[in-house]
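Read through the structure below, which is laid out as structure tokens, and then see the notes.
Chains as they are written, first to last, in my numbering: chain L, 1 to 387; chain S, 1 to 405.
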């Protein structure tokens with residue numbers, strides 16, 4: 001069924017595992033099967049591999065190795081940050097702020113905190129669909145204990161000013177911790193815990209050619225969330241359970257490569273975005289949203305297309321072997337309109353006409369050219385369709 | 001029947017599955033019983049070591065382990081009225097009386113201890129040469145049980161919470177304390193084969209289940225609007241077909257490409273008639289596929305007044321395009337009744353997952369309420385019905401689902 005996915009332009013949903021990552025993982029799916037907690041040679045081998053991965057993740061994220069907590073992925077890392085940090089600091093206050101466009105794995109745990117007696121507010125967006133930092137400053141209080149904001153928007157690629165946001169928090173709410181969901185950022189921007197001045201950040205391996213089911217929460221010194229998973233005390237007691245050794249090794253190698261090759265990969269992706277932008281010029285009513293280069297990730301291009309809902313375009317493209325996405329795959333089923341699109345002034349109908357192309361370092365320029373060709377070919381038959 | 005209790009007394013070694021309606025079917029009875037036996041075998045295929053034996057008015061299924069799961073499976077097989085895990089003993093008064101206290105004791109482990117449990121013994125004799133009358137055996141057995149468990153039991157003949165039933169047959173006697181409701185209906189396959197149109201909605205899977213319940217083997221036909229809709233819509237239909245295969249063990253599904261038909265109707269026919277015309281085309285396509293499946297009828301999930309377009313006039317328009325009888329098992333159902341059934345048979349959650357189906361593509365703004373057959377025919381003169389049907393049939397993809405694969 002999926003024999004030819006050469007034209008894979010849905011890398012914000014997930015990326016293929018790279019050969020180098022797969023190779024690094026394979027021994028741990030084979031003979032090196034030890035439990036890292038075992039006190040024999042096999043166990044030590046696994047434990048050393050995990051520590052190597054921990055150092056690599058720390059280096060890629062500007063943190064110290066001992067502050068990296070491996071998790072089952074981005075969702076768990078964000079849950080651990082939001083629930084764990086709020087619960088750990090409840091004696092200092094009950095006020096939590098989150099961004100307007102957070103992924104459900106940040107937003108939903110935050111909403112769940114309301115049942116535990118926390119007060120949760122959402123930040124406003126300005127006319128560029130960026131967080132309104134004046135609104136932030138007004139909302140911050142002495143009892144604000146957590147501010148969570150994503151670094152790169154998963155649907156449109158917008159880059160958010162996390163360092164400025166963190167400074168505003170420090171100035172106005174000294175007790176508050178700042179968490180950022182960096183799942184879409186690693187490998188595309190410099191992701192540095194210290195550079196951003198945040199207290200925690202979440203990453204997910206499969207967004208940068210690592211395996212699914214592996215991620216990490218990276219913490220600042222002395223920041224300790226209350227754990228969500230209790231048991232054998234692995235990961236300094238912050239995430240019990242026998243480690244996913246192969247997954248962690250894959251994450252470590254993938255993070256190392258993503259950061260090491262970041263300049264090359266992002267230059268390549270910017271080129272792809274330009275190809276797409278040029279292609280769209282030939283399609284009446286088609287345009288790139290969030291086009292200001294400084295404020296958008298090179299990996300994601302949100303495109304407003306004419307005619308029917310983007311879903312129809314998506315399936316027609318799919319028929320020609322081009323894989324794209326309607327909004328975020330995590331949102332796609334719910335049919336809600338993103339507040340970022342409303343902030344940009346798009347109508348509900350236009351918001352449904354937004355198709356997401358997302359690139360990776362291994363995306364062939366010919367794939368984007370082919371996508372443009374298919375779009376141009378489909379335009380005469382699809383654009384006139386109203387529904 | 002927890003593992004702990006099994007450790008303290010030996011569990012039932014077999015299951016009695018009684019067939020109800022089959023008795024009524026005169027000369028067909030042996031066909032019905034043979035088909036039922038085959039269906040039971042298929043349903044129990046993953047349970048190695050089970051053996052099916054046909055008795056009088058019941059099947060005896062020998063199973064040494066996972067009895068609860070076997071019972072559950074049998075409850076999904078159409079044709080049985082009730083199912084009981086049972087113990088088989090020699091058909092003698094002494095043997096029966098000797099085994100009864102342990103069986104009652106085992107049942108008592110799952111009943112409340114804070115009060116006396118209402119209890120009775122009920123004997124049925126198929127072997128009239130048995131030395132005791134039914135009521136006499138009841139009494140003899142009760143007299144052996146009560147001294148052992150007397151402090152936990154009180155006799156109550158009219159509303160027992162625990163009834164020890166004894167079924168005496170010439171070859172053996174069966175003792176049991178539980179009766180689970182069977183699925184009823186007739187064995188799938190005994191009344192022929194039908195084509196069931198499957199949309200992604202709540203109704204059509206229930207209609208298919210109803211047809212199966214009345215002994216019809218269902219082949220599923222579904223229409224997809226690729227590339228207007230994508231793979232998830234097709235996958236939803238597969239999940240429904242798989243879920244329904246629980247009731248007939250294997251299901252064949254035709255996924256028919258329908259976008260070309262819809263485009264032709266959209267471009268050339270009056271907009272209000274779109275939905276009715278789509279459905280007429282579906283009937284034609286299903287009728288063309290039917291001979292391959294030896295099917296004698298089309299089954300749909302329509303019911304009168306369910307939606308504005310399901311009027312008698314529109315149903316008439318749709319049916320007129322079909323060469324085969326159109327069966328509508330839900331015709332007089334309320335939506336709530338259908339939803340309750342969908343939950344029971346396990347299709348509701350799949351149906352309500354929000355994947356669009358082909359009917360949502362090019363939906364008319366104001367669908368016709370009282371369609372006229374002649375207007376349908378008139379509209380269809382503007383499209384090449386025969387070619388569109390033939391191409392759809394040619395493009396149909398067949399998939400086979402087995403519940404246990």
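Positions of the beta carbon are idealized from the N, C-alpha and C atoms, including for glycine.
Nothing here was measured: the structure is a model prediction, and the numbers come from that model.
Against residue i, what residues of chain L qualify as contacts under a CB-to-CB distance less than 7 Å, listed in chain order?
i, result
"residue 227 of chain S", "315, 316, 318, 319"
Can you pull the chain L residues whose beta carbon is under 8 Å from the beta carbon of residue i, in chain order?
i, result
"residue 230 of chain S", "311, 314, 315, 318"
How is the alpha helix (DSSP H) around residue i delimited, first residue to last?
i, result
"residue 164 of chain L", "162 to 172"
"residue 281 of chain S", "274 to 289"
"residue 380 of chain L", "365 to 382"
"residue 105 of chain L", "104 to 114"
"residue 406 of chain S", "Only positions 1 to 405 of chain S appear in the structure, and residue 406 of chain S is not among them; the question remains open."
"residue 221 of chain S", "Per DSSP, residue 221 of chain S belongs to no alpha helix (DSSP H); it is in the beta strand (DSSP E), 217 to 224."
"residue 262 of chain S", "259 to 268"
"residue 185 of chain S", "Note, residue 185 of chain S: premise wrong, no alpha helix (DSSP H); not H, not E."
"residue 72 of chain S", "67 to 75"
"residue 232 of chain S", "231 to 244"
"residue 128 of chain L", "Note, residue 128 of chain L: premise wrong, no alpha helix (DSSP H); not H, not E."
"residue 350 of chain L", "348 to 351"
Would you call the CB atoms of residue i and residue j closer than 8 Å?
i, j, result
"residue 12 of chain S", "residue 87 of chain S", "yes"
"residue 160 of chain L", "residue 184 of chain L", "no"
"residue 36 of chain S", "residue 249 of chain S", "no"
"residue 382 of chain L", "residue 313 of chain L", "yes"
"residue 258 of chain L", "residue 60 of chain L", "yes"
"residue 396 of chain S", "residue 229 of chain S", "no"
"residue 370 of chain L", "residue 322 of chain L", "yes"
"residue 61 of chain S", "residue 15 of chain S", "yes"
"residue 9 of chain L", "residue 358 of chain L", "yes"
"residue 82 of chain L", "residue 179 of chain L", "yes"
"residue 330 of chain S", "residue 301 of chain S", "yes"
"residue 327 of chain S", "residue 194 of chain S", "yes"
"residue 191 of chain L", "residue 182 of chain L", "yes"
"residue 33 of chain S", "residue 192 of chain S", "no"
"residue 369 of chain S", "residue 311 of chain S", "yes"
"residue 246 of chain S", "residue 403 of chain S", "yes"
"residue 98 of chain L", "residue 248 of chain L", "no"
"residue 198 of chain S", "residue 240 of chain S", "yes"
"residue 318 of chain L", "residue 227 of chain S", "yes"
Locate the beta strand (DSSP E) running through residue i, then write down its first and last residues.
i, result
"residue 150 of chain L", "144 to 150"
"residue 120 of chain S", "117 to 125"
"residue 296 of chain S", "295 to 299"
"residue 197 of chain S", "193 to 197"
"residue 217 of chain L", "215 to 219"
"residue 397 of chain S", "397 to 402"
"residue 203 of chain L", "200 to 204"
Measure the beta-carbon distance from residue i to residue j and round it to whole angstroms, keeping in mind my assumption that it falls under 8 Å.
i, j, result
"residue 177 of chain L", "residue 203 of chain L", "Rounded, the Cβ-Cβ distance is 18 Å, inconsistent with contact."
"residue 15 of chain L", "residue 340 of chain L", "Their Cβ separation, rounded to whole angstroms, is 23 Å, which puts residue 15 of chain L and residue 340 of chain L out of contact at 8 Å."
"residue 91 of chain S", "residue 114 of chain S", "No, residue 91 of chain S and residue 114 of chain S are not in contact; Cβ-Cβ is about 37 Å, not under 8 Å."
"residue 385 of chain S", "residue 316 of chain S", "The Cβ separation is near 18 Å, so there is no contact."
"residue 253 of chain L", "residue 56 of chain L", "7 Å"
"residue 368 of chain L", "residue 272 of chain L", "5 Å"
"residue 166 of chain L", "residue 196 of chain L", "6 Å"
Inspect the CB distances between the stretch 318 to 333 of chain S and the stretch 217 to 224 of chain S and report whether three or more fall short of 8 Å. Output reads no: the stretch 217 to 224 of chain S does not touch the stretch 318 to 333 of chain S.
Check whether the stretch 119 to 133 of chain S and the stretch 152 to 172 of chain S are in contact - that is, three or more C-beta pairs closer than 8 Å. Taking 8 Å as the limit for Cβ pairs, the verdict is that the stretch 152 to 172 of chain S does touch the stretch 119 to 133 of chain S.
Should the stretch 217 to 231 of chain L be called in touch with the stretch 17 to 26 of chain L, which here means at least 3 C-beta pairs below 8 Å? With contact defined as three or more Cβ pairs closer than 8 Å, the stretch 217 to 231 of chain L and the stretch 17 to 26 of chain L are not in contact.
Could you tell me whether the stretch 79 to 86 of chain S touches the stretch 177 to 194 of chain S, using the rule of 3 or more Cβ pairs below 8 Å? Touching, yes.
With three or more beta-carbon pairs closer than 8 Å as the criterion, would you say the stretch 63 to 78 of chain L touches the stretch 244 to 263 of chain L? Touching, yes, given that three or more Cβ pairs across the two stretches are closer than 8 Å.
Any contact between the stretch 119 to 126 of chain L and the stretch 249 to 262 of chain L? By contact I mean 3 or more CB pairs, one from each, below 8 Å. Short answer: they don't touch.
Within 8 Å, do at least three Cβ pairs link the stretch 283 to 293 of chain L to the stretch 83 to 96 of chain L? With fewer than three CB-CB distances shorter than 8 Å, the stretch 83 to 96 of chain L does not count as touching the stretch 283 to 293 of chain L.
So, does the stretch 47 to 59 of chain S touch the stretch 127 to 147 of chain S, judging by three or more C-beta pairs under 8 Å? With a cut-off of 8 Å, the stretch 127 to 147 of chain S and the stretch 47 to 59 of chain S do not count as touching, because too few Cβ pairs lie within range.
Counting pairs of Cβ atoms below 8 Å between the stretch 278 to 288 of chain S and the stretch 328 to 344 of chain S, do you hit three or more? Cβ pair count under 8 Å is below three, so no.
So does the stretch 200 to 212 of chain S actually touch the stretch 43 to 54 of chain S, counting three or more Cβ pairs closer than 8 Å? Flag = no, the stretch 200 to 212 of chain S and the stretch 43 to 54 of chain S do not touch.
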